[in-house]
Each structure stands twice: as C-alpha cells, then as structure tokens.
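Peer 1: I am attaching a structure below and will ask some questions about it afterwards.
Protein chains in written order, with the numbering used here: chain V, -15 to 98; chain C, 108 to 221.
Here it is as structure tokens:
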C-alpha cells in the first residue's frame, strides 16, 4: 500500500540555521503531497502542498519540491526561527474510488534554540 | 483557527465504558475524516464521510463507529474502551474528496482510559 517515510527526529537547530527534513513516499499513481505542522496543543495545519511532479510548494519561508524520479518531497527552510519549533508531518493523498484519505509519515519533532 | 470544532477537548473514562466524540466541520465542507494519534502508532486514518455517507474506512476497530448527520456534523463512538484506546482523536474536514482538497484539522479530543 501507499506509505510515507520521514527522517527520524528529534531535530534540534540553532536560530537562523538551514533546515531540511527528508520525506520519501511509496505510491501507485500520482498522489498529491503535503506537509502539515502541529504546534503544541493544537491540531495539524496545512503548511504547503504540491499536486504534480516538479511542482514546488511554498509557505512561510518553507519549500518542498515534488520529485517523482526520487519519490521525495523534502522540506527546507533557509533560516529557521524559534517559532518554527513544532512537529512536521509529510503526507500523501491516497484516492480510491473517489474517496480521499491522507497517509502520514511518523512526524519529525523540530526544536529551534535561540 | 481551522474552523473545525471538536468537543470535548479532554475526556477521562474507565475501561469498558463508551464515549462519544463530536466534530463540526468548517462551513461548506462536506467531507469529514477521523484520525487517531498515538505515540506508538502515529497518525492513523479511521474513517471518512462525505455528505452523510461513509466513503472510506481505515484502521477502525469494530468497537468504534461513526456517523455524519444531515447538518454535516459527525460523531465518533468508542465502546468497550481499553487502555490502549488512550490517544488524541482528530477530526478533519475538506470541501470535496479529491486529491487536491486539503484537510483542515480540529484541535483534537484527548481521550484517557484508566
């Protein structure tokens, strides 16, 4: 079945450091890909998405490019802030007979120190 | 604020009991999804409804059931509760069902079974 694998956390960085969180997927067909972020005590929020190969999703300084050849969707940010501390989830959209479900990776906890 | 409302925020109950979790989707969203988040299993898709009809089922136990009402709110019923059912239960909604319909998550109900 479809699956998503994320780099294991936790990840700890200093403010203004460069961030990469790796995400690879296994899927049949052409899923859409998403990054969600979960701040403490809150639900998941959509961070960015890409719907086809070579699409780049971007939001709040974060970027991820849909790479079909490497089945990857790595999340990057050039200069992280303390407020970026959260858990990040990579996900793919699994559509079967018209019904969608999101398949999530295990999540990567990110801590940014001042 | 995602616009998805979940009640209650916290629930503490004993083994063998039954509870009902409630979800009101964003205005205009027809699809409702239920997810379970636990430390060992991560985010697991349980079930999806679209405009009152069940559309997709995931790893939902037979002790669990859900429904979506004509006003589009949804309830997740958990019965014969076990210690292992302790988790965060998230509801999400989307406008449609397709791969390009991002999910919007509520803040979750934290269930503790003692």
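From the three backbone atoms N, C-alpha and C, an ideal C-beta is built for every residue, glycine too.
Report the residue from C:140, C:191 and C:138 whose alpha carbon sits nearest the alpha carbon of residue 120 (chain C).
Peer 2: Nearest option by C-alpha distance: C:191.
Peer 1: In chain C, which residues lie less than 7 Å from residue 27 (chain V) when you measure between Cβ atoms?
Peer 2: Result: 109, 197, 212, 213, 214 and 215.
Peer 1: Using a Cβ-Cβ distance cut-off of 8 Å, determine whether residue 155 (chain C) contacts chain V.
Peer 2: For residue 155 (chain C), the answer is yes, since a Cβ of chain V falls inside 8 Å of its Cβ.
Peer 1: Does DSSP put residue 134 (chain C) in a helix, a strand or coil?
Peer 2: Residue 134 (chain C) falls in the coil class under three-state DSSP.
Peer 1: Ignoring anything shorter than 3 residues or poking outside the region 126 to 211 of chain C, list the beta strand (DSSP E) runs there in chain order.
Peer 2: Runs found: 126 to 131, 138 to 145, 149 to 157, 160 to 164, 171 to 175, 181 to 185 and 194 to 201.
Peer 1: Strictly below 7 Å CB to CB, what residues from chain C border residue 33 (chain V)?
Peer 2: 209, listed in chain order.
Peer 1: Quick one: which residues of the region 162 to 192 of chain C get their C-beta closer than 7 Å to a C-beta of chain V? List them in chain order.
Peer 2: Against chain V - using a Cβ distance shorter than 7 Å - the residues of the region 162 to 192 of chain C are 162, 163 and 165.
Peer 1: Quick check on residue 204 (chain C) - is its C-beta less than 8 Å from some C-beta in chain V?
Peer 2: Residue 204 (chain C) counts as touching chain V.
Peer 1: Would you kindly report the start and end of the unbroken beta strand (DSSP E) that includes residue 95 (chain V)?
Peer 2: From DSSP, the beta strand (DSSP E) with residue 95 (chain V) extends over 92 to 97.
Peer 1: With a threshold of 8 Å between beta-carbons, can residue 46 (chain V) be considered close to chain C, or not?
Peer 2: Taking Cβ atoms only, chain C never reaches closer than 8 Å to residue 46 (chain V), which makes this a no.
Peer 1: Assuming residue 123 (chain C) and residue 211 (chain C) make a contact with CB atoms under 8 Å, what is their CB distance in whole Å?
Peer 2: Actually they do not touch by this definition, with Cβ atoms about 34 Å apart.
Peer 1: From the DSSP output, in three-state form, read off residue 69 (chain V) for me.
Peer 2: DSSP places residue 69 (chain V) in coil when its eight states are reduced to three.
Peer 1: In angstroms, rounded to a whole number, what distance separates the CA positions of residue 156 (chain C) and residue -5 (chain V)?
Peer 2: Their Cα atoms are separated by approximately 36 Å.
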